[in-house]
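Let me begin by presenting the structure, written as structure tokens, before commenting on it.
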Amino acid sequence: MSAICRILILGAAVCPLLANVALADSITLLGGRKVEGTILQTNENNILVLTEYGALNYSPAIIEKFQIERPEAIEISGTNRLLTSKNLLILLSQQSWATNLRQIPATVIDNGVLKNVPYTSFRCGEDYEINIYGDPDHPAGIEAGVYRSLLENKPAKNNCISLLSAALREPEGKEILHRLDLVRDLKTDRGLTYEITPPSALDAYAGWWISVYSEKGLELARASDQELKQICVSKKDVATRTKSSDDPSGWSEEDLKLARPSPVIISFETSSGLVVSNAVVKPYIPGVSLIWRETNSASGGIVKLADLPEDLRKRFGYDPAKSVLVAEAEEQARARNRDQVQAQLAAAAQAAAQPSPYTSGASAFQQSSVYPSGGSVYVRGYTRANGTYVHSYSRRR
365 MSAICRILIL GAAVCPLLAN VALADSITLL GGRKVEGTIL QTNENNILVL
415 TEYGALNYSP AIIEKFQIER PEAIEISGTN RLLTSKNLLI LLSQQSWATN
465 LRQIPATVID NGVLKNVPYT SFRCGEDYEI NIYGDPDHPA GIEAGVYRSL
515 LENKPAKNNC ISLLSAALRE PEGKEILHRL DLVRDLKTDR GLTYEITPPS
565 ALDAYAGWWI SVYSEKGLEL ARASDQELKQ ICVSKKDVAT RTKSSDDPSG
615 WSEEDLKLAR PSPVIISFET SSGLVVSNAV VKPYIPGVSL IWRETNSASG
665 GIVKLADLPE DLRKRFGYDP AKSVLVAEAE EQARARNRDQ VQAQLAAAAQ
715 AAAQPSPYTS GASAFQQSSV YPSGGSVYVR GYTRANGTYV HSYSRRR
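All residue numbers for the sequence shown refer to my numbering, where the first residue is 365 and numbers rise by one.
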């Protein structure tokens, strides 16, 4: 019998619902160190425990004993419109699709509405990710999303919607969530924004996202430069800190592989004289063109690599032959559909003369875009006391 099975049987003797209900536990590790927290679930050969300095995985091989005190109920009272981070994680851990739940490094975002807003990030299941923004006890926003194999999986997207719906206290918000267009949408109601972000968005990391957040709350949740020094760690320092410190909340190099990737931010001038500064870019047609958006404005577009300086052509793998083929294909398509295009343009011009009820929504999409930096990640656990963010582990020492 495996060690993890023996531990689970021991737990079941106290509470037979261990697999489905989060429990307030104390764990004694080999050597005598005691860890207090909440068992969220088992992950393959590990037990995931939510402590005040983050969600940590412990191997049964290093556990001497543990004591289950009582079932941990999800608190639904209070004035917060969103569940606390702890209660959301308890709820998440109970979902059948949220297997192998683990905390991953959260890359510091240094632009847009989420600039310097601390958050925690979690991966689970096949390709799910959940992020919780701001004060853990008073979240300013939460989001759930899917990557890769789940991008075309409607039930998986519905799982994300159901999770966020359960995290909302008010029935009006739940109703709005379930009415959102799964392709792309944005609605606001009494200070909360409900948004669907598609994989094609520059800030989507090739994932599909549903989010609920308060712009006012995010502004109040923003950390100062001094606070960031306390709750962030450079990716370059992760390996050194992990090896030289007994901090159980330290990240590893393996953890960093799961963090959101660094964006590519460049400035350029096209052959036609267009000057673009500090733009986030990603390939549009690999080897042919880039899609870009300036970080300090809503300006964006598509630029051909052929129109960029030589150094940028090399950097992004400019393919002259492919560019010619793409240009020829585009010209042939234009020739075949010129009459149709002219008719569409005429119809679009006529429609543009009419007021559109979606103008504000489209503008909000642009304004809500965010761009993460690649230099630092937040520590595994942080708290906010008297309006100040601190590293939970450092505070205890």
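Cβ coordinates follow ideal geometry from the N, Cα and C atoms, glycine included.
Counting C-beta neighbours from all protein chains within 10 Å, is the total for residue i 16 or more, i.e. buried, or is it exposed?
{"i": "residue 639", "result": "exposed"}
{"i": "residue 578", "result": "buried"}
{"i": "residue 405", "result": "buried"}
{"i": "residue 653", "result": "buried"}
{"i": "residue 743", "result": "buried"}
{"i": "residue 559", "result": "buried"}
{"i": "residue 688", "result": "exposed"}
{"i": "residue 766", "result": "Because the chain is modelled from 365 through 761, residue 766 falls outside the range shown and cannot be assessed."}
{"i": "residue 520", "result": "buried"}
{"i": "residue 764", "result": "No statement about residue 764 is possible, as the shown extent of the chain runs from 365 to 761 and does not include it."}
{"i": "residue 570", "result": "exposed"}
{"i": "residue 657", "result": "buried"}
{"i": "residue 669", "result": "buried"}
{"i": "residue 701", "result": "exposed"}
{"i": "residue 660", "result": "exposed"}
{"i": "residue 465", "result": "buried"}
{"i": "residue 567", "result": "buried"}
{"i": "residue 721", "result": "The predicted position of residue 721 is uncertain, since its pLDDT is 35 and thus under 50; no value can be drawn from it."}
{"i": "residue 462", "result": "buried"}
{"i": "residue 663", "result": "exposed"}
{"i": "residue 699", "result": "exposed"}
Whole angstroms are fine: how far does the CA of residue j sit from the CA of residue i?
{"i": "residue 336", "j": "residue 489", "result": "No answer is possible for residue 336: it lies beyond the span of the chain, which begins at 365 and ends at 761."}
{"i": "residue 601", "j": "residue 427", "result": "29 Å"}
{"i": "residue 417", "j": "residue 756", "result": "5 Å"}
{"i": "residue 590", "j": "residue 752", "result": "10 Å"}
{"i": "residue 582", "j": "residue 479", "result": "9 Å"}
{"i": "residue 543", "j": "residue 586", "result": "30 Å"}
{"i": "residue 526", "j": "residue 666", "result": "36 Å"}
{"i": "residue 692", "j": "residue 633", "result": "25 Å"}
{"i": "residue 598", "j": "residue 617", "result": "12 Å"}
{"i": "residue 588", "j": "residue 741", "result": "15 Å"}
{"i": "residue 678", "j": "residue 754", "result": "44 Å"}
{"i": "residue 650", "j": "residue 400", "result": "50 Å"}
{"i": "residue 555", "j": "residue 445", "result": "10 Å"}
{"i": "residue 576", "j": "residue 396", "result": "42 Å"}
{"i": "residue 498", "j": "residue 584", "result": "9 Å"}
{"i": "residue 674", "j": "residue 684", "result": "12 Å"}
{"i": "residue 725", "j": "residue 572", "result": "Per-residue confidence for residue 725 stands at a pLDDT of 32, beneath the threshold of 50, marking its modelled position as unreliable; the derived number appears in the next sentence. Rounded to the nearest angstrom, the two C-alpha atoms are 18 Å apart."}
{"i": "residue 592", "j": "residue 694", "result": "48 Å"}
{"i": "residue 614", "j": "residue 423", "result": "16 Å"}
{"i": "residue 456", "j": "residue 415", "result": "16 Å"}
Measure from the alpha carbon of residue i to the alpha carbon of each residue in the options, then state which is nearest.
{"i": "residue 635", "options": "599, 616, 652 and 672", "result": "672"}
{"i": "residue 487", "options": "566, 564, 624 and 597", "result": "624"}
{"i": "residue 563", "options": "399, 514 and 581", "result": "514"}
{"i": "residue 749", "options": "679, 501, 686 and 468", "result": "501"}
{"i": "residue 631", "options": "573, 650, 617 and 676", "result": "676"}
{"i": "residue 402", "options": "393, 420 and 395", "result": "420"}
{"i": "residue 472", "options": "747, 754, 746 and 739", "result": "739"}
{"i": "residue 460", "options": "524, 584 and 622", "result": "524"}
{"i": "residue 629", "options": "637, 643 and 622", "result": "643"}
{"i": "residue 413", "options": "499, 622, 454 and 614", "result": "454"}
{"i": "residue 627", "options": "462, 565, 580 and 686", "result": "565"}
{"i": "residue 314", "options": "684, 595, 621 and 699", "result": "Any answer about residue 314 is impossible in this case: the structure gives the chain only from 365 up to 761."}
{"i": "residue 580", "options": "615, 481 and 495", "result": "481"}
{"i": "residue 452", "options": "533, 422, 637 and 424", "result": "533"}
{"i": "residue 394", "options": "410, 425 and 686", "result": "425"}
{"i": "residue 528", "options": "574, 409 and 645", "result": "574"}
Within the same chain, show all residues whose beta-carbon is closer than 6 Å to that of residue i, passing over the 5 residues directly before and after it, in chain order.
{"i": "residue 447", "result": "531"}
{"i": "residue 430", "result": "389 and 391"}
{"i": "residue 491", "result": "510, 511, 512, 513 and 514"}
{"i": "residue 641", "result": "631"}
Residues in its own chain within less than 8 Å of residue i by CB, not counting five upstream and five downstream?
{"i": "residue 517", "result": "510"}
{"i": "residue 547", "result": "560 and 562"}
{"i": "residue 648", "result": "654, 655 and 666"}
{"i": "residue 553", "result": "536, 537 and 540"}
Looking only at its chain, what residues have a beta carbon closer than 7 Å to the beta carbon of residue i, apart from the 5 residues adjacent to it on each side?
{"i": "residue 619", "result": "468 and 469"}
{"i": "residue 746", "result": "482, 595, 753, 754, 755 and 756"}
Is residue i close to chain B? Criterion is C-beta to C-beta, closer than 7 Å.
{"i": "residue 598", "result": "This model lacks chain B altogether; it includes just one protein chain."}
Scan the region 406-477 and note each continuous alpha helix (DSSP H) run of 4 residues or more that stays entirely inside, going in chain order.
449-457
With a floor of 3 residues, list each beta strand (DSSP E) that falls wholly inside the region 555-602, ordered by position along the chain.
556-561, 572-577 and 596-598
Return the chain-ordered ranges of every alpha helix (DSSP H) run that is complete within the region 467-541 and spans a minimum of 4 residues.
518-531
4 or more residues per run - each alpha helix (DSSP H) lying fully within the region 652-701:
674-679 and 684-700
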